[in-house]
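Data first, discussion second: the structure below is written as structure tokens.
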């Protein structure tokens, strides 16, 4: 699926000039000296007096995450996949966050934009709540899974190897459920899959958002007739995590929009959702 900094006005009470102080000929009046001190604190940090230890600690950035051994979060359960046969698309996330694992529903953290982008792009006709994640297959022919099963605070607590090792698992899921496509929710996930395919990360020239070459299809089965499967096409879109702030919201929506339009077209081609007279059609 992005810290606040505390700002405190300088304490100038200690610099008040006493009536008995003798000023040099060029010294400013006490009131001017105080105002100058305020300006220096706001515009010239190098001239400020040292802040208190409390102020310094409040301005410290949160330490970046590093690899966390699976035992650290072993008290949290993995997220259950939301899958069904012959969906039009399966979303592939990185792994469950702590909030998501605790609640047992996909993309549950309030800062995650997944459900918002799903709606604004057209993948769904209303903004669903995380606890409605199990409704995706029956209502929209959509599913959800992750490249890594175990929960962590963020993706930085996963190893590069376990990300790459998740790619063949995704291939097997595609062979089992045979979706039309997979939507990769984040550049880092696609890099892991690309490493599995090619032994390296995609170069700047090789990476692009959106539909990937059909040679990258997931889960292809080389067989004749109904046993054959051309694999799931791959659409790469942005991470929806609140920590992913390299792209502006409008840029993310522009990348998601073509996929939402495609989802609407594919559902229409299947006459989905079925009318009440037709009843619930088999997926």
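Residue numbers (the UniProt record's numbering): 1 to 283. Ideal Cβ positions, reconstructed from N, Cα and C, are used throughout, including at glycine. All values reported here derive from a predicted model rather than from experimental measurement.
Indicate whether residue i and residue j have their beta-carbon atoms separated by less than 9 Å.
{"i": "residue 260", "j": "residue 120", "result": "yes"}
{"i": "residue 175", "j": "residue 221", "result": "yes"}
{"i": "residue 107", "j": "residue 133", "result": "yes"}
{"i": "residue 101", "j": "residue 76", "result": "yes"}
{"i": "residue 105", "j": "residue 78", "result": "no"}
{"i": "residue 145", "j": "residue 225", "result": "no"}
{"i": "residue 342", "j": "residue 252", "result": "Because residue 342 is not part of the residues shown, which for the chain are 1 to 283, the question remains open."}
Which same chain residues, not among the five before or five after residue i, have their C-beta less than 6 Å away from its C-beta?
{"i": "residue 236", "result": "184, 190, 209"}
{"i": "residue 257", "result": "121"}
{"i": "residue 51", "result": "With a pLDDT of 47 at residue 51, under the threshold of 50, the modelled position of this residue cannot be trusted; read the value that follows with caution. Closer than 6 Å at the Cβ level, and outside the excluded window around residue 51, lies no residue."}
{"i": "residue 266", "result": "88"}
{"i": "residue 70", "result": "150"}
{"i": "residue 109", "result": "97, 99"}
{"i": "residue 264", "result": "122"}
Could you give the first and the last residue of the continuous beta strand (DSSP E) run that contains residue i?
{"i": "residue 170", "result": "No beta strand (DSSP E) holds residue 170; the alpha helix (DSSP H) holding it covers 160-177."}
{"i": "residue 207", "result": "First-last for residue 207: undefined, no H or E at that position."}
{"i": "residue 184", "result": "181-185"}
{"i": "residue 234", "result": "233-237"}
Considering just the uninterrupted stretch of the alpha helix (DSSP H) at residue i, what are its terminal residues?
{"i": "residue 139", "result": "136-140"}
{"i": "residue 90", "result": "Note, residue 90: premise wrong, no alpha helix (DSSP H); beta strand (DSSP E) at 89-93."}
{"i": "residue 263", "result": "249-269"}
{"i": "residue 98", "result": "98-103"}
{"i": "residue 117", "result": "114-121"}
Who are the Cβ neighbours of residue i in its own chain at under 7 Å, not counting the five residues just before and after it?
{"i": "residue 152", "result": "68, 73, 95, 158"}
{"i": "residue 171", "result": "218, 219"}
{"i": "residue 35", "result": "Interpretation of residue 35 is limited by its pLDDT of 40, a score under 50 that renders its predicted location unreliable; the figure taken from the coordinates is listed afterwards. So the list is empty, once near-sequence residues are dropped."}
Here's a check: name, in chain order, each residue in its chain whose Cβ is nearer than 8 Å to the Cβ of residue i, leaving out the five neighbours to either side.
{"i": "residue 87", "result": "137, 141, 142, 143, 177, 179, 180, 283"}
{"i": "residue 223", "result": "229"}
{"i": "residue 154", "result": "65, 97, 241, 243"}
{"i": "residue 126", "result": "119"}
{"i": "residue 135", "result": "128"}
{"i": "residue 173", "result": "81, 83, 90, 145, 219"}
Whole-angstrom Cβ separation of residue i and residue j, contact assumed at under 8 Å?
{"i": "residue 246", "j": "residue 186", "result": "Incorrect: roughly 11 Å between the Cβ atoms, too far for contact."}
{"i": "residue 205", "j": "residue 217", "result": "With a Cβ gap of about 21 Å, residue 205 and residue 217 do not count as contacting."}
{"i": "residue 90", "j": "residue 182", "result": "5 Å"}
**Item:** Cβ contact check for the region 195-202 and the region 164-179: 3 or more pairs under 8 Å
**Value:** Segments in contact, yes.
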